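Enquirer: Pasting a structure here, questions to come.
In our numbering, the protein residues as written are 92 to 333.
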C-alpha cells in the first residue's frame, strides 16, 4: 500500500509537474491509501501492545496512536469530504498530532511502572500553549482568523515535536525502558522528526513550475517513507521480546 501511495504521488508529479492545483486534483487516491495505512498502523499498535512489557505503557501508546489516526483522518478524509476546507483539515490534523506528541512525551518521561502523573516537561509545555492561546483569544497580538490559528497551531506543534525528540534521545537515562526499546524509541523519533521536516518543506509552496514548488512536491513524496518506519519503530518499542 505504501508503494501504491508513493508510486501514485510520483506519477502525478511526472504528469502535472510542479503545479499545485493539478497535483491536488489528481491525488484523491492517495488520501484514501494514506488513511488506510494510518488505520492499519493503529490496528497494529493495538495488536502488538498485547505483548507489552508494561500494561500502562501499552495503554499510553494505544491512546497516542488513536490521536495519530484522528490526525490522519483530518488530513485525508476531511479533504475528501470538503476539499475547499484544507486550512481547517490541516489545523485539526496538527492539533491532534500535538496530542499524539503529548502522549509520547508522557510515555518517554516515565521513570517507573507507577509513574503515571505529568512531569515537569508537561508543565513547561503549558507556557507556550497558554501564551499562544492568549494571543489569539485576546485578538490584540494575533487576529483570530483560521489562517492565523493554523500558524499558531503549527508553532505550538513545533515546540512539542522538538521536546518529544529531545526526550526520546535521552530516554535510556530513565532506566525504565529495556535497552532495545529505548533504542527503537530514539530512532523512531529521529525518523519521525525527519518526516515532519519533510512536511514543513512540503508546505512551503511557491508559484507553479517554480523551484520552491518542485522542492515542496518532492519532499511531500518522501514523507511517508519516514512516517511509516517511525511509527513501526515506536510500536515495536513496547514489546517484551524486542
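Where is the CB? At the ideal position from N, CA and C, for every residue including glycine.
None of these values were measured; they are calculated from a predicted model.
Should residue 287 go down as buried or exposed, given a rule of 16 or more other Cβ atoms within 10 Å for buried?
Expert: Within the chain shown, residue 287 is the residue found at index 196, counting from 1. Buried, because 16 or more other Cβ atoms sit within 10 Å of the Cβ of residue 287.
Enquirer: If we ignore side chains and look at the alpha-carbon of each, how far apart do residue 106 and residue 99 end up?
Expert: As a working note, residue 106 is residue 15 in the chain shown. As a working note, residue 99 is residue 8 in the chain shown. Cα to Cα, the separation comes out at about 10 Å.
Enquirer: Between the alpha carbons of residue 122 and residue 313, how many angstroms are there, rounded?
Expert: Here residue 122 corresponds to residue number 31 of the chain shown, with the count starting at 1. Here residue 313 corresponds to residue number 222 of the chain shown, with the count starting at 1. One C-alpha to the other measures close to 15 Å.
Enquirer: Rank 94, 93, 92, 103 by C-alpha distance to the C-alpha of residue 308 and give the top, closest one.
Expert: Here the question's residue 308 lines up with position 217 in the chain shown. The candidate whose alpha carbon is nearest that of residue 308 is 103.
Enquirer: Let me know the secondary structure DSSP gives residue 277 once reduced to three states.
Expert: For the purposes of this step, residue 277 is taken as the residue at position 186 of the chain shown. Residue state, collapsed to three classes: helix.
Enquirer: Closer than 8 Å by C-beta to residue 101: which residues in its own chain qualify, once you throw out the five before and the five after it? Chain order, please.
Expert: Locating residue 101 in the chain shown gives position 10, where the first residue counts as 1. Closer than 8 Å at the Cβ level, and outside the excluded window around residue 101, lie 312.
Enquirer: Can you tell which of 175, 137, 124, 252 has its C-alpha closest to the C-alpha of residue 195?
Expert: What you label residue 195 is simply residue 104 of the chain shown in a count that begins at 1. Among 175, 137, 124, 252, the Cα nearest to that of residue 195 belongs to 252.
Enquirer: With three or more beta-carbon pairs closer than 8 Å as the criterion, would you say the stretch 122-136 touches the stretch 160-174?
Expert: yes
Enquirer: Identify which residue in 291, 320, 317, 316 has its Cα closest to the Cα of residue 306.
Expert: Residue numbering aside, residue 306 sits at position 215 when the chain shown is read from its first letter. Ranking 291, 320, 317, 316 by Cα distance to residue 306 puts 291 first.
Enquirer: Taking the straight line between their C-alpha atoms, what separation do you get for residue 126 and residue 272?
Expert: Locating residue 126 in the chain shown gives position 35, where the first residue counts as 1. Locating residue 272 in the chain shown gives position 181, where the first residue counts as 1. Each residue's Cα considered, the two are about 27 Å apart.
Enquirer: Alpha carbon to alpha carbon, how far is residue 289 from residue 283?
Expert: Taking the first residue of the chain shown as 1, we reach residue 289 at position 198. Taking the first residue of the chain shown as 1, we reach residue 283 at position 192. Near 10 Å, if we compare the C-alpha coordinates of residue 283 and residue 289.
Enquirer: Tell whether a beta-carbon distance below 9 Å holds between residue 248 and residue 151.
Expert: Translated into positions along the chain shown, residue 248 becomes position 157. Translated into positions along the chain shown, residue 151 becomes position 60. Their beta carbons are not under 9 Å apart, which means residue 248 does not touch residue 151 by this criterion.
Enquirer: Assign residue 145 to one of three DSSP states: helix, strand, or coil.
Expert: Within the chain shown, residue 145 is the residue found at index 54, counting from 1. Coil.
Enquirer: Could you compute how far the alpha carbon of residue 316 sits from the alpha carbon of residue 203?
Expert: Numbered from 1 along the chain shown, position 225 holds the residue referred to as residue 316. Numbered from 1 along the chain shown, position 112 holds the residue referred to as residue 203. So the alpha carbons of these two residues sit roughly 33 Å apart.
Enquirer: With a Cβ-Cβ cutoff of 9 Å, do residue 275 and residue 327 count as a contact?
Expert: The sequence position of residue 275 within the chain shown is 184, counting from 1. The sequence position of residue 327 within the chain shown is 236, counting from 1. Yes. Within cutoff.
Enquirer: Evaluate residue 95 with the Cβ neighbour count: other Cβ atoms within 10 Å of its Cβ, from every protein chain shown; 16 or more gives buried, anything less gives exposed.
Expert: Within the chain shown, residue 95 is the residue found at index 4, counting from 1. It is exposed - the Cβ of residue 95 has fewer than 16 other Cβ atoms within 10 Å.
Enquirer: Suppose contacts are defined by Cβ-Cβ distances below 9 Å. Is residue 254 in contact with residue 322 by that definition?
Expert: Within the chain shown, residue 254 is the residue found at index 163, counting from 1. Within the chain shown, residue 322 is the residue found at index 231, counting from 1. Contact flag unset, no.
Enquirer: Roughly how many angstroms separate the alpha carbons of residue 294 and residue 142, rounded to a whole number?
Expert: Taking the chain shown and counting its residues from 1, one reaches residue 294 at position 203. Taking the chain shown and counting its residues from 1, one reaches residue 142 at position 51. Roughly 38 Å between the two C-alpha positions.
Enquirer: Residue 112: buried (16+ other C-beta within 10 angstroms of its C-beta) or exposed?
Expert: One-based indexing of the chain shown puts residue 112 at position 21. Residue 112 is exposed by the Cβ-count criterion.
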